[in-house]
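Residue numbers (my numbering): 760 to 883. Written out below as structure tokens is the structure these notes cover.
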Amino acid sequence: QQVRNNLIFAFGQGSGEPASPAYTLDLGVTELVESAAIVQVQTQEDEPTAGTVTLTANYVLRDTATSTVIAVGKRSIPSSFDRPRQEFAAYRAQIDAENRSARELADLLRLSIAQDLAKHGKKA
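So this is what it looks like as structure tokens:
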């Protein structure tokens, strides 16, 4: 949802969704959260100290008038975060990394879509 909202804001220059868009974008976003670093504590268990959130977007760009596929693409953005021992702080760090990834992925998609449109002689 955040990636979508950021794209609407970027393409609409802050004005929201257009009433009759020239292009449609089918967008699917997945998230993967992994431990990036672990430390051996005094017990037998390893404790994660850092993590990575990776957002991946698959998209299909179509001309609205003809339903012709203009471009198909896939883009990913990783964001690292520290995992402190305090539970809420670790949760908040992960949420911040997810938000950061969503903003950066939307920016990357905006540039990729602009390149796709330029390749096909279309205007944004």
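Glycine included, every Cβ here is placed at the ideal spot set by N, Cα and C.
### Query
Between which two residues does the beta strand (DSSP E) containing residue 826 stretch?
Per DSSP, residue 826 lies in no beta strand (DSSP E) segment and is marked neither H nor E.
### Query
Does the count of Cβ pairs from the region 821–830 and the region 853–866 closer than 8 Å reach three?
Fewer than three beta-carbon pairs drawn from the region 821–830 and the region 853–866 are found closer than 8 Å, and the two stretches are therefore not classed as touching.
### Query
Count the other CB atoms within 10 Å of the CB of residue 779; is the residue buried (16 or more) or exposed (fewer)?
By the Cβ neighbour-count rule, residue 779 is exposed, with fewer than 16 other Cβ atoms within 10 Å of its own.
### Residues sharing a beta bridge with residue 793, DSSP
According to DSSP, residue 793 bridges with 811.
#### Entry: Residue interval of the alpha helix (DSSP H) (run including residue 776)
Neither: residue 776 is in no alpha helix (DSSP H) and is coded neither H nor E.
### Three-way DSSP call (helix, strand, coil) for residue 844 in this model
Coil, per DSSP.
### Query
Mind checking whether residue 782 and residue 823 have CB atoms under 8 Å apart?
It is a contact, given that the beta carbons lie within the stated cut-off.
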